[in-house]
Amino acid sequence: MMGWARRHLITLYQQATSSKIGLFLVAMIPLAWLTLFFAVPLLEILGVSLGSSRRGVPPFIPAWGLSDEGLFFAPNSDSYALLLRHSSDYLVPLYNSTRLAFGSMLICLVLAFPIALWAARARGAVRLSLLVMVLLPFWTSSLLRVYAVMGLLNPTGYVNQFLLFLGLIDTPLDLMRMDISVYFGIVICYLPLMVLPLYAVLVRIDESLYEAATDLGATRTTTFMTITLPMARAGIVAGCLLVFIPAMGEFMIPELLGGPEQLMMGKVLWAEFFRSRDWPVAAALAVLLLLVLSIPILWLRHAERRMKET
Amino acid sequence: MPPLLKIENICKSFGDLPAVNGLSLEVDAGEIFCLLGPSGCGKTTMLRMLAGFETPESGSIMIDGRDMTAVPPAERPVNIMFQNYALFPHLSVADNIAYGLRRSGISGAALSERVDELLHLVRLKRFEGRKPDNLSGGQRQRTALARALARQPKLLLLDEPLAALDRKLREETQIELVALQRQLGTSFIVVTHDQDEAMSLASRIGIMNEGHLIQTGSPQELYDRPENAFVADFLGEVSFLTGAFIPGEPDVTIALRPEHVSLRQASASATENEFDLPVHYESATYLGANWMVRVKNAGGMTIKALLSPAEMEQLAPQAGARLTVLFRRSKMHVLDPEGLASLSGEK
């Protein structure tokens, strides 16, 4: 039995290291993780959002489920109606979330592209060490990484100490509880999610395409703009969605690194759940946020399909 | 008039491995020159140096009287058609062809006119909007050809241009390629490991082995008068025999083409301008139009003979049967003893 398991593991390892399947696996890990832990909780949240609030544990009656009298199904849309009446209260956090998530996504894209391109065109040990460097931090707790960012950006942190030492500043810069600290945190936590899909598409571009472009008179910049970038489109779209969507609902990073100016949807959701203790309203807010977030996904899928048709 | 391409004493190695070793060559305008050799002989490296993707360690490349050795690929009057065609998968046939033209600043009506002209040249007008993934192998090959010809290079480099096509299509494409070359007058340099391809395409062939250019000449010259055993062996079928074939001189090695060898019953004898050798029958392979028969002499040397089905029927050899090999003195080709060593790879 042990022998079988070991052989099986060795085969898996060999497949993972033989580039194509390995790439597929590497790109699928974050995707599969998101899918699996997404579908079941989603149904649960929908059930809560259509239920009603009560004093007790748990503080709600779901819209459907099993009670002493048997199966019941009694959804109501009260929570949604309440949210729509007070929708203006949620516009500022929604704007903050969009601004910070979109900005972080762009920064991730700009930082991840050269890393992914380098890894895709490198060979052997260089490629491996680049990928490990990208993935390794991903395996540590994001909480630890966020605290590390605090250690960097604090008034007594390394960045300020270094700038003071160089004599570039007299008093420590206020880097915490600002947009910059939130961007810093999101980018550090989400960078691997951008690098991996980019790497997966870039590694599939045949070297001879670059040579053909050069032979036909393209400069390095032109080759990048006309060959690399358009061929990486699928990876750019995947990476941007993988960063933007979870960053929109990010709670911990703005909570630890941001201030009142960086109030994001995640924090509002948290407040509805744990401060107001109105779970159906909180759940309804989560569902509405999800609907808002599905707009860019649907639009991108539509655009992709139209690109394929032409 | 100076030759279009003049390669002088080019050397290139990868690490300790010499890929091209002191190669010199001249190619005239309007030629189809084939670099022919087994895989790993340095022919592709030579082609990549002509395109500008590799820099030679020593020696020079002159095109049209200008030194191109250190000129980047984009500025050479040279284009290359890659073995895998290297078509841009996200661009249509027309956009692939237009790629090089756009890079030289051609746009608008001039661009579409030139692209149209090229589409008609390679008969792809109907497919101009297709992506490479939706094309057949032959259509892809023609797209790659049109794209490489778009900038009107003085020299077109073709890396195994027919290798990715199936047999039937290959023959057709071969004829088209030669016709196209005649029409345009562009010089072609073709790299291939396929002797049939080289023989039918080339006006001249250069045989390469282990980084050396061993012999250059027209297909007929190389086939009929190979300088050494490597060339004889690489182009077509050949048998080697060592013996006292020239009266009063030490033993020589001769090359014999199977079509010049006759097989008779053991009792047959030679006329005065023929040689005869007693052999015994080994095996035969049916090739469709002919039989390739293998026989062995007393010294254990294998001789191949090409027999028509009628001759084969008449001879009807049994395993181990005693036969006589006959060949005309004029058809035996005495090999240069110095070149013989190249059979084992040394020059």
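Protein sequence lines correspond, in order, to chains U and W. For this note's numbering, add 17 to where a residue sits in the first sequence, where the first one is 1. For this note's numbering, add 336 to where a residue sits in the second sequence, where the first one is 1. Every residue, glycine too, gets a C-beta built ideally from N, C-alpha and C. Since the structure is predicted, the reported quantities are computational estimates derived from the model, not experimental observations.
query                                                                                                                                                                         : result
List the DSSP bridge partners of S598/W.                                                                                                                                      : L662/W
Does the distance from the CB of N415/W to the CB of R487/W come in under 7 Å?                                                                                                : yes
Taking the C-alpha atoms as reference points, what is the distance between P392/W and A230/U?                                                                                 : 22 Å
If distances are taken between C-alpha atoms only, which option among M668/W, L643/W, L341/W comes closest to K490/W?                                                         : L341/W
Measure the beta-carbon distance from G547/W to P354/W and round it to whole angstroms, keeping in mind my assumption that it falls under 8 Å.                                : 5 Å
What are the start and end residues of each continuous alpha helix (DSSP H) run of 4 or more residues lying completely inside the stretch 205-280 of chain U, in chain order? : 224-232, 237-240, 250-265, 269-274
Tell me which same chain residues have a C-beta within less than 8 Å of the C-beta of V407/W, skipping the five on either side of it?                                         : G388
Going by the CB atoms, is the gap between A136/U and L148/U shorter than 7 Å?                                                                                                 : yes
Residues of chain W with a CB under 7 Å from the CB of I244/U: which are they?                                                                                                : F424
Within 7 Å of any Cβ in chain U, is that where the Cβ of S680/W sits?                                                                                                         : With a pLDDT of 41 at S680/W, under the threshold of 50, the modelled position of that residue is not reliable, and the figure given next carries that caveat. Taking Cβ atoms only, chain U never reaches closer than 7 Å to S680/W, which makes this a no.
Please check if any C-beta of chain U sits within less than 7 Å of the C-beta of N432/W.                                                                                      : no
Given this structure, state the Cα-to-Cα distance separating P47/U from P214/U, to the nearest angstrom.                                                                      : 10 Å
Using Cβ-Cβ distances below 7 Å, what residues of the stretch 378-391 of chain W are close to chain U?                                                                        : A387, F389
Do L153/U and G202/U count as a contact pair if the criterion is CB distance below 7 Å?                                                                                       : no
Using 10 angstroms around the beta-carbon of G681/W, count the other beta-carbons present and answer buried if the total reaches 16, otherwise exposed.                       : Here the model assigns G681/W a pLDDT of 39, short of 50, so the residue's position is not dependable and the matter cannot be decided.
Decide yes or no for the touch test of the stretch 462-482 of chain W against the stretch 254-264 of chain U: beta carbon pairs closer than 8 Å, at least 3 of them.          : no
Can you tell me whether T589/W is helix, strand or coil according to DSSP?                                                                                                    : strand
Just checking: is the beta-carbon of P409/W within a distance shorter than 7 Å of some beta-carbon in chain U?                                                                : yes
Go ahead and label P75/U buried or exposed: buried means 16 or more other beta carbons lie within 10 angstroms of its beta carbon, across all protein chains shown.           : exposed
Nearest CA to the CA of N93/U: which residue from L315/U, A301/U, L308/U, L160/U?                                                                                             : A301/U
With distances taken between CB atoms, is the gap from L169/U to Y175/U smaller than 7 Å?                                                                                     : yes
Note down the Cα distance separating A655/W from M628/W, rounded to an integer number of angstroms.                                                                           : 15 Å
Between the Cα of I222/U and those of G252/U, M195/U, Y97/U, A235/U, spot the shortest distance and give me the residue it belongs to.                                        : G252/U
Using the three-state DSSP reduction, which class does H319/U fall into: helix, strand or coil?                                                                               : helix
Tell me which residues share the same chain as N420/W and place their Cβ nearer than 8 Å to its Cβ, disregarding the 5 neighbours each side in the sequence.                  : A500
In three-state terms, what does DSSP make of S678/W?                                                                                                                          : Residue placement at S678/W is poorly supported in this model, since its pLDDT is 44, which falls under 50; the coordinates are not used for a value here.
Using a Cβ-Cβ distance cut-off of 7 Å, determine whether R439/W contacts chain U.                                                                                             : yes
Going by C-alpha distance, which of P271/U, V254/U, F291/U is nearest W316/U?                                                                                                 : V254/U
Taking the alpha helix (DSSP H) that R384/W falls in, what are its first and last residues?                                                                                   : 379-387
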